[in-house]
Amino acid sequence: MRLFVAVLALCLSLCAAETCTDPAFSPSTYTTTDAVISSETVFIVELSLACANGVQSVALYADVNGKQFPVTRGQDVGKYQVSWSVAHKQASSGTYEVKFFDEESYSALRKAQRNNEDVAAIKPLFSVNVDHRGAWNGPWVSTEVLAAVIGILVYYLAYSTKGAIQA
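For the sequence shown, our numbering assigns the number 55 to the initial residue and increments by one for each residue that follows.
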């Protein structure tokens with residue numbers, strides 16, 4: 055019986071998720087800048103995370119404007135990445151706050167959302183600001199139209215000059 059209790063206690067201690075205390079992180083962000091060659095605006099946040107208590111494999115979740123996304127762990131210890139995409143018209147320029155939650159605070163966030171409670175009361179583990187300058191939609195006048203207008207203009211000038219010379 056003692057052996058059973060010892061094995062059970064060992065399993066519970068190994069399965070319990072540890073909380074990251076005093077996280078130190080260094081983020082790197084990317085957003086789509088050219089809307090001509092892509093169908094949606096993509097946001098990517100990569101970060102390195104180190105916890106003061108030495109926890110290495112923390113399960114993280116990200117929240118952006120009320121939408122949650124899972125955060126993937128990289129092959130290297132302490133490397134994480136989250137990405138999402140939205141239509142170009144919905145991705146206005148500005149600063150997006152990405153809140154990162156561990157398992158405990160994420161479950162509290164989901165519970166608050168289900169019960170229509172105030173989600174602002176749940177503090178994230180940390181947050182990263184992503185600065186999006188907007189996506190370029192191309193020139194106002196396409197190059198084909200500009201080339202056609204210049205061609206017609208050159209033809210008109212040549213034809214009118216020819217008529218003036220012959221007269």
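Glycine is no exception: its CB is placed at the ideal position from the N, C-alpha and C atoms.
Measure the alpha-carbon distance for residue i versus residue j and round it to whole angstroms.
i	j	result
S111	R127	8 Å
G205	S196	14 Å
K143	C74	37 Å
V140	P81	21 Å
V99	T83	5 Å
Q122	P193	35 Å
T95	A201	30 Å
L162	A104	Correcting the residue type first, residue 162 is Ala in the shown sequence and not Leu. Taking the straight line joining both Cα atoms gives about 23 Å.
S147	T86	11 Å
Which residue's Cα is closest to the Cα of residue i: the options?
i	options	result
N183	T86, T87, T73 and V118	V118
G120	F154, K216, A212 and P81	F154
F180	T149, D156, Y150 and N170	D156
D130	S139, Q167, L101 and T149	L101
I176	S159, E72, A189 and S137	S159
DSSP three-state call for residue i: helix, strand or coil?
i	result
G148	strand
K216	helix
L179	coil
V173	helix
Q167	helix
A162	helix
Can you tell me where the beta strand (DSSP E) with residue i in it begins and where it stops?
i	result
T86	That residue, T86, is in no beta strand (DSSP E); it is neither H nor E in DSSP.
V136	K133 to A141
Q129	Run containing Q129: none; DSSP gives neither H nor E here.
E100	E94 to A104
According to the neighbour-count rule (16 or more other Cβ atoms, all chains shown, within 10 Å of its Cβ), is residue i buried or exposed?
i	result
A116	buried
Y209	exposed
At which residues does the alpha helix (DSSP H) containing residue i begin and terminate?
i	result
S196	Run containing S196: none; DSSP gives neither H nor E here.
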